[in-house]
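Numbering (the working numbering), first residue to last: 84 to 618.
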């Protein structure tokens, strides 16, 4: 049968007008773009071929052999092996980008393999041209399914007649079969990997995987959205805010950690997660760890609201029972103190009565805050000219800012004619509370900025400083009644502020980092939410 194939091709060579004494040379080539496209299409086949081919070259122990890979049209898309054999092939213009054509090359095992889909070899005088009588060529076909259909082609082994062996074709057939199994296994593994990624990416939980050195090797989009830090494959998980110490501990001691409450803060957004850090073992040796992040922000905020409501309820009961009893005698005492202060007194008595009056005012304000927290008054809505209103608030605070050597920066992106419908006295109370905190948190010579912007029919008033900042732990508690970090604070100022803004159908968003400063964003609807109260 082999002689029949050779005889048929030999007849065609004569018909082409070829002479055995001619030196064949390929003249047909493809563009570099076409070659690279085919290389990409056959990339996995070329990779496996090179791996198996180089191992085969080592097994042949010094024999001069070279491999050539073609696509289903006879286009040479890869070649490697012995330098001398490759130079001989290059003299015939058999190189990457050349197209094997029978009319140009004559009898060729590769073309016979492509035509009849069988392993084939041409040795010595099997070739039509005399110049090839000192060479041997073995070729086997391959057919590999891919994403864009079946990819076919040939793998050929070129050698000299001196190094020829009848076992070489059988070895090449076995190599092609092994390559087929390897490619099939790779395809199966890739399918399983794709399925794994599909499942992980569609989970509601964030997944982040690190190796034994703590280097991130994989993560899903949920983890990317939850974690504020920039994360990428190849970076250290130990550097990730909040999660780093957990990964370090788990990889170090091999113990899983479950249900760890983790808080992430970025851009004014506060995300709360329950984190499980689970070690990965192989043969009893730790190989890494992975984190599962379950977003419980809504549940956490609901729990905090319940806690705040319970505190407010307790304050309400306390205020209802004590406000009346305290206010009446307090008013009388303050009146009598004022009467006494108006009489001629020695300097010490006057000074002491001043202290008494200041403390009584403080008690009165505390009782007022109690009442506001328990039964906040409904906003009396009137039109407010935004810029003049903000100026009046800053003017009111100028004295306190001067005492701390702090300056105010006005950064208004609103116009003088822009109007906000709100309770001016209540909004002023909120701004004063936050400005006072910003001034007290800042160092002398620093600045506190008040910025105003309008977007989507909402006014945002931003108060920012470069002060001490608020820790993530304290940031979650600042709206709780009685929570304060100040020595003489009551813990009611921000609680009252949050309550007032909530009654205006607005929101307060805080972004803060220790040592970097704090930014309060007060967002209020301009109009249409609250009705203007009649005069």
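Think of the CB as a built atom: it goes at the ideal place given N, C-alpha and C, for glycine as much as any other residue.
What you are looking at is a predicted structure, and each value in this text was computed from that prediction instead of being measured.
Taking all protein chains shown into account, residue 210 has 16 or more neighbouring C-beta atoms within 10 Å of its C-beta and is therefore buried. Annotated three-state conformation of residue 127 is helix, per DSSP. A Cβ-Cβ separation of about 15 Å leaves residue 183 out of contact with residue 149 under the 8 Å criterion. Per DSSP, the continuous alpha helix (DSSP H) segment holding residue 199 begins and ends at 192–199.
In the three-state reduction of the DSSP assignment, residue 279 falls in the helix class. Following the DSSP letters along the chain, one finds residue 230 in no beta strand (DSSP E), marked with neither H nor E. Looking at the DSSP output, residue 164 sits in a beta bridge with 149. Look at residue 117 here: in three-state DSSP terms it is helix. A distance below 9 Å separates the beta carbons of residue 205 and residue 219. By the 16-neighbour rule on beta-carbons within 10 angstroms, residue 386 is exposed.
Burial check for residue 203: the Cβ neighbour count within 10 Å reaches 16 or more, so the residue is buried.
Taking residue 551 as the centre and dropping the five residues before and after it, the same chain places the C-beta of 524 closer than 6 Å to its C-beta, in chain order. Residue 468 sits in a strand when the DSSP states are folded into three classes. Residue 497 places its beta carbon 9 Å or farther from that of residue 467. Straight through space, the alpha carbons of residue 443 and residue 428 are spaced by roughly 20 Å. Each residue's CA atom was taken as its position, placing residue 341 and residue 271 some 34 Å apart.
DSSP, reduced to helix, strand and coil, places residue 444 within a helical segment of the structure shown. Distance check between residue 590 and each of 581, 367, 596, 598 places 581 closest, using alpha-carbon atoms only. Here the alpha carbon of residue 291 sits roughly 8 Å from the alpha carbon of residue 300. If you draw a straight line from the Cα of residue 592 to the Cα of residue 473, it comes to about 19 Å.
With fewer than three CB-CB distances shorter than 8 Å, the segment 248–262 does not count as touching the segment 112–120. Just so you know, the alpha carbons of residue 156 and residue 197 end up roughly 8 Å apart. If you draw a straight line from the Cα of residue 266 to the Cα of residue 143, it is about 24 Å long.
Spatial neighbours of residue 599 in its own chain (CB-CB distance under 8 Å, excluding positions within 5 residues in sequence) are listed in chain order as 549, 552. The C-alpha of residue 309 is placed about 16 Å away from the C-alpha of residue 382.
Taken atom to atom, the span from the alpha-carbon of residue 481 to that of residue 491 is near 8 Å. As the crow flies, the alpha-carbon of residue 241 is around 10 Å from that of residue 162.
Exclusion of the five residues before and after residue 380 leaves 354, 355 as the residues of its chain whose Cβ lies within less than 6 Å of its Cβ.
Residue state for residue 211 is assigned as coil, using DSSP reduced to three classes. For residue 513, the uninterrupted alpha helix (DSSP H) segment begins and ends at 507–524. Here DSSP, grouped into helix, strand and coil, assigns residue 313 to coil. A straight line joining the alpha-carbon of residue 361 with that of residue 507 spans about 54 Å.
Per the C-alpha coordinates, the member of 433, 186, 170 positioned closest to residue 179 is 170.
For residue 330, the enclosing alpha helix (DSSP H) covers residues 327–336. If one requires a minimum length of 4 residues, no alpha helix (DSSP H) run lies completely within the segment 280–304.
Between the alpha carbons of residue 235 and residue 191 lies a distance of about 18 Å.
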